[in-house]
Amino acid sequence: MAQHNAPVATLRIGVDVGGTNTDGVIIDPAQLHSDDRGIIAWHKVPTSPEPSHGISETITTMFKSANINPSSVASVTIGTTHFVNAVVERDASRLSRVAVLRLCGPFSKFAPPCVDWPADMKDLILSHYALLKGGLEIDGSLISDISEAQIEEQGRIIKQKGIKAVVINGVFGPIDTIEKQEERAASIIQRVVPQCDVVCSKEIANLGFLERENAAILNASILRFARHTIRAFQKPVRNLGMNCPVFITQNDGTVLSGQEAARFPIRTFSSGPTNSMRGAAFLAQGQLEEAAMVVDIGGTTTDVGLLQTNGFPRQQAAYSELAGIRMNFPCPDIKSIGLGGGSIVRQHHPVSVGPDSVGYNLTKDAIVFGGNTLTTTDCAVLSNEKLELGNREFVARLISSTDLATIQKAIRDKLERVIDKMKTSPEDLPVFLVGGGAIIAPDTLKGASRVIKPRWAEVANAIGAAMARVSAVIDTVKSTESKSATAWLQQISQEAIRKTVAAGASMESTEVVEMESFPLQYIDHKTRFIVRAAGDFDYSKAVTTSLDEAVDSDNDDETFPERDRTTNRQENPKPAMDDSVSAYKPDVRGRFWYISETDVDWISIGCYILGTGGGGSPYSSMIRLREDLRQGAVVKVMSPKDLKDDDIVGGGGSVGSPTVGIEKLAGNELLEAQEELAKVCSKSITHVVSVEIGGGNGLQSMILGSTTNMNLPVVDGDWMGRAYPTMWQTTPVVFDERSPIWSPTAMSDGNGNVLVMSRATSDFMTEKVIRAALTQMGSHTATADAPVTGAETKRWIVENTISQAWRIGRSVARARQENRVDSVAEAILDECGGPTAGRVLFKGKIVGVERMLRGGYAYGECVIEGADVRVDETTGEPPATGGPGGPGGPGGGAFHGRIKIPFKNENIAVLKLRQGVSEERQEDVLGIVPDLITVIDAQNGEAIGTPEYRYGLLVIVLGLAANDKWTKRERGLELGGPPGFGFHHLKYQPLGTFTEPRSIIDEFGE
1 MAQHNAPVAT
11 LRIGVDVGGT
21 NTDGVIIDPA
31 QLHSDDRGII
41 AWHKVPTSPE
51 PSHGISETIT
61 TMFKSANINP
71 SSVASVTIGT
81 THFVNAVVER
91 DASRLSRVAV
101 LRLCGPFSKF
111 APPCVDWPAD
121 MKDLILSHYA
131 LLKGGLEIDG
141 SLISDISEAQ
151 IEEQGRIIKQ
161 KGIKAVVING
171 VFGPIDTIEK
181 QEERAASIIQ
191 RVVPQCDVVC
201 SKEIANLGFL
211 ERENAAILNA
221 SILRFARHTI
231 RAFQKPVRNL
241 GMNCPVFITQ
251 NDGTVLSGQE
261 AARFPIRTFS
271 SGPTNSMRGA
281 AFLAQGQLEE
291 AAMVVDIGGT
301 TTDVGLLQTN
311 GFPRQQAAYS
321 ELAGIRMNFP
331 CPDIKSIGLG
341 GGSIVRQHHP
351 VSVGPDSVGY
361 NLTKDAIVFG
371 GNTLTTTDCA
381 VLSNEKLELG
391 NREFVARLIS
401 STDLATIQKA
411 IRDKLERVID
421 KMKTSPEDLP
431 VFLVGGGAII
441 APDTLKGASR
451 VIKPRWAEVA
461 NAIGAAMARV
471 SAVIDTVKST
481 ESKSATAWLQ
491 QISQEAIRKT
501 VAAGASMEST
511 EVVEMESFPL
521 QYIDHKTRFI
531 VRAAGDFDYS
541 KAVTTSLDEA
551 VDSDNDDETF
561 PERDRTTNRQ
571 ENPKPAMDDS
581 VSAYKPDVRG
591 RFWYISETDV
601 DWISIGCYIL
611 GTGGGGSPYS
621 SMIRLREDLR
631 QGAVVKVMSP
641 KDLKDDDIVG
651 GGGSVGSPTV
661 GIEKLAGNEL
671 LEAQEELAKV
681 CSKSITHVVS
691 VEIGGGNGLQ
701 SMILGSTTNM
711 NLPVVDGDWM
721 GRAYPTMWQT
731 TPVVFDERSP
741 IWSPTAMSDG
751 NGNVLVMSRA
761 TSDFMTEKVI
771 RAALTQMGSH
781 TATADAPVTG
791 AETKRWIVEN
801 TISQAWRIGR
811 SVARARQENR
821 VDSVAEAILD
831 ECGGPTAGRV
841 LFKGKIVGVE
851 RMLRGGYAYG
861 ECVIEGADVR
871 VDETTGEPPA
881 TGGPGGPGGP
891 GGGAFHGRIK
901 IPFKNENIAV
911 LKLRQGVSEE
921 RQEDVLGIVP
931 DLITVIDAQN
941 GEAIGTPEYR
951 YGLLVIVLGL
961 AANDKWTKRE
971 RGLELGGPPG
981 FGFHHLKYQP
991 LGTFTEPRSI
1001 IDEFGE
């Protein structure tokens, strides 16, 4: 055999260390256009408890089979699940305790670090935290400068507690390129606490304060184990005589040096599926002229993702979740089902396939290998004579041709369903089958323009690792007042390319692979830009061992024992899945409803659904209110019927940009606005009410009422019955009994700046002034509304909307518990008055989204194509198209055609698009404001806000009849109906009959 002994180091080795197998491949880039695609060796071995053993065995075997000289290897790239496994398994021996220092000024105090974590994970990792001076506004100005003395004091506390990992998280840290507050704070901590690991949040993730902090904390906690593991990866490479860099693959399909992976191990958490998709892209070269689906079939599960034409997988939406922890670092959008080469087949009637599997025991347990368990591999061997595995006769004795056909159909159906679920358009796409279990898949699939089983598909993950590229991303906010968005994109693209080259890519191969821009609501001339560039590693650059020295010379003398699941693992407690949803009863005493954590959870779900796409996510308000309750706060809700005529009812809420809201978490601004307004009002308020039940403001009255300074009852109702974008779209303005209603008013930014507008000529003018001041006050503030009397409240209020939100949230929780999310819209309708109170308007998949910014408001359109969104109760998968239920029938059958939803922060209408008709006359109105139009995630039953609309989401569009206070008055239709949104050409057509929500107090009271 000829020895592959290149004159210079050019060969690339890829190794994927999976939970079952360690796969390896050697590729010669000089032979990429040959029939063998440059693949000169590959091998699979079982993964060993100590990963270095499997890596060493794989590479040694490949060297021998292809007669490779170690000096000809240019790089070794490894993909691993070790770091993510340590988190998922709550492995106390591998996770360090962490201190968190926030640079936040007066903000975020009501949502401390790890506030939304599972209790066991929080107890395991969080050891200390402090809220310090610092932080930036969206425009880059200071909330406050950092205090060196404060940080030094915290450093001494951290040192005294023996904590060796610290996270620094600053408000708007990711856009801080001038003040460098996080970096300065980190330098101080490292001086006070030598040899301490310090993680700056801006290096981990982008905008989203809590989610970025969560990711940074996990990253800090895993650093010790990451260094140990990467040393273990490097050891066999050095022992085998290779003097080349060792790279680690990261979540987006590109590579990190060993040194970078030791600093940012969280970036590798989802690299396994990404490696397979990148491997498929490599094997598909010359065939990838359009987006394609990659179906990676392993021993137990099948992972499916969409491979874009740029060769990278489609990324998840803004947030992802791991071990119950919400984060915002980039992850591939992958759907997994319980189907693999080891899936157990049961020949009952009906026949079932999986989701349980024999896994790594396939060669021992499967019938074809002499075992006693019928698997999908047995069936594949029986149906394909070209497969030379085991003893086909063993299987032939057990399966009839009829049963075999039924089993094959079940496998086909599972694959077709998950492929359809991941598609973003009805057009057929190429489907690439990879993974060791790909032998079980058929050669044709519905929804696939062609099915491709490339050669070497079984080691696609290792190929993806070997050929991974270098990338860099820039996520920033810029002013478009004097420079266009197009010009900014060009400049930021060049910066991303330079950043990628600096990370090790060759200039000639580097290109921009993704770019997005998002105009920010309520912020003049501000746009968020996200640009990603990628390129091939430049092997011509001098590569030294310095990439690895920081890991090799690490001072940690700790050792990590082989994983012992019985002693090291901390179990993740699972909630009891009994009849708790149905059995739960709210605490109502003496005509007051005392709110619990369960109530808060359900109310927040209902608030976002009633938000009709707007109002902002209630998430941060929900966790704040939940934390208040845990600290002893009391929230008591009362019926508006129990108000006295001379009671004084106040209220208020948050105003501003959702982008700022996810970064600058609330401080005391809500209370400060109330206290300032009280100075100009003759009477103190006795009760509080929400301005809108929809979105985050639906919880503000409960937050305000429960504060120590207020301690006031909360009225069960609001001024909208939904969410609307302006203050003049409220029922007091509709009644027009006195004008203006919302004067005086006060607004606070939480950082010492308070505006009081003592008089106004109209509610429209109040709105204009507030919007103008908002930009100068950080684009996220709280307002205090002019109080009204109890008598006025009883005439004007939309009654019992907190009760309604609770009932909607309960119906969603029950649907999830009973595995019938596909019918959640029907369940919500039942809670809101039954079939006459509204209807399911559409079910399908989002296939188009357009956004623009006008006057501070986010305008746009969402296009949805009819599709079946039902979910199988046992597999969690959507059924085959055209199943029982029919179009729009029970169980969520398919709708047909397309609809369009225009929105102005909130959804305005649902318009049915008619094919073959001119643009001017192509719309049939299925629903329109003031009726409530809400878009629900078909997979979890929760609302999707207009900022979260994205391609490919399976959704249910629900219409609910608006409160009579809007529909029975001409002024109500003028302000809250089509004219209020500029849709003068469309006439309001009620989609149902409003039913008054039933009061929780009346139903559950004594």
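Residue 1 is where the sequence shown starts when you use the UniProt record's numbering, and the numbers rise one by one after that.
Beta carbons are placed, not taken as given, at the ideal position from N, Cα and C, and that holds for glycine.
Check: Counting only runs of 3+ residues fully inside the stretch 310-386, write out the beta strand (DSSP E) ranges in chain order.; Outcome: 320-322, 325-327, 334-337, 343-346, 352-357
Check: How would you label ALA943, buried or exposed, when you count the other beta carbons within 10 angstroms and need 16 or more for buried?; Outcome: buried
Check: Would you mind working out which of LEU610, ASN709, CYS681, ASN461 sits nearest THR254, comparing C-alpha positions?; Outcome: ASN461
Check: Going by other Cβ atoms of all chains shown within 10 Å of its Cβ, with 16 needed for buried, is HIS43 buried or exposed?; Outcome: buried
Check: Work out the CA separation of ARG759 and THR993 for me, nearest whole Å.; Outcome: 39 Å
Check: Whole angstroms are fine: how far does the CA of ASN963 sit from the CA of ARG591?; Outcome: 24 Å
Check: Helix, strand or coil for LYS900? Go by DSSP, reduced to three states.; Outcome: strand
Check: Going by DSSP, name the residue or residues bridged to LYS987.; Outcome: For LYS987, which the question treats as bridged, DSSP gives no partner whatsoever.
Check: Who pairs with ASN756 in a beta bridge, going by DSSP?; Outcome: Note that residue 756 is Val in the sequence shown here, rather than Asn. ALA746, per the DSSP bridge assignment.
Check: Let me check one thing: in DSSP terms, what residues is LEU142 bridge-paired to?; Outcome: LEU136
Check: I need the straight-line Cα distance from VAL733 to GLY135, nearest angstrom please.; Outcome: 38 Å
Check: When you compare each of LEU415, VAL368, LEU404 to VAL395 by their alpha carbons, which one comes out closest?; Outcome: VAL368
Check: Could you tell me the boundaries of the beta strand (DSSP E) in which CYS200 lies?; Outcome: 197-200
Check: Below 6 Å CB to CB, which residues in the same chain sit around LEU433 once its five sequence neighbours on both sides are set aside?; Outcome: VAL295, ALA441, LYS453
Check: What's the C-alpha gap between ILE39 and ASP28?; Outcome: 6 Å
Check: Could you give the residue range of the beta strand (DSSP E) that holds PHE735?; Outcome: PHE735 -> not in any beta strand (DSSP E); alpha helix (DSSP H) instead, spanning 731-735.
Check: Tell me where the beta strand (DSSP E) around ARG12 begins and ends.; Outcome: 11-17
Check: Cα-Cα, which of ILE693, LYS180, PRO113 is closest to LEU142?; Outcome: LYS180
Check: What do you get for GLU458, buried or exposed, if any count of 16 or more other CB atoms within 10 angstroms of its CB means buried?; Outcome: buried
Check: What residue does the beta strand (DSSP E) around GLY170 start on, and which one ends it?; Outcome: 165-170
Check: Determine contact between the stretch 323-336 and the stretch 358-365, defined as no fewer than three beta-carbon pairs at a distance below 8 Å.; Outcome: no
Check: Suppose the cutoff is 6 Å on Cβ atoms and the five residues either side in sequence are ignored; what does the same chain contact list for GLU627 look like?; Outcome: VAL115
Check: Taking only the alpha-carbon atoms, compute the straight-line gap between ALA867 and SER75 and give it to the nearest angstrom.; Outcome: 46 Å
Check: For TRP403 and PRO355, I'd like the C-alpha separation in whole angstroms.; Outcome: Strictly speaking, residue 403 in this sequence is Asp, with Trp absent from that position. Roughly 18 Å between the two C-alpha positions.
Check: Using a 10 Å radius around the Cβ and a threshold of 16 neighbouring Cβ atoms, would you call GLN285 buried or exposed?; Outcome: exposed
Check: By alpha-carbon positions, which one of SER580, MET638, GLU970 ends up nearest to TYR594?; Outcome: MET638
Check: So, at 7 Å on beta carbons, what are the nonlocal neighbours of PRO902 in its own chain, with the 5 sequence-adjacent residues on each side left out?; Outcome: GLU861, ILE908, ALA909
Check: Nearest-angstrom Cα distance between MET467 and LEU911?; Outcome: 46 Å
Check: In this structure, does DSSP put PRO618 in helix, strand or coil?; Outcome: coil
Check: Quick one, are the C-beta atoms of ILE846 and ILE864 less than 8 Å apart?; Outcome: yes
Check: Which residue or residues does DSSP assign as beta-bridge partners of ARG971?; Outcome: Bridge partners of ARG971: none, in fact.
Check: Nearest-angstrom Cα distance between SER748 and VAL167?; Outcome: 30 Å
Check: So TYR594 is in the beta strand (DSSP E); what residue range does that whole segment cover?; Outcome: 592-594
Check: Since ARG998 and SER803 should fall inside the 8 Å C-beta cutoff, what is the C-beta to C-beta distance between them, to a whole number of angstroms?; Outcome: 7 Å
Check: Under 8 Å by Cβ, that's how I've got VAL689 and VAL715 pegged, so tell me the actual separation to the nearest angstrom.; Outcome: 4 Å
Check: Here's the rule I'm using: 16 or more other beta-carbon atoms within 10 Å means buried, otherwise exposed. How should THR268 be labelled?; Outcome: buried
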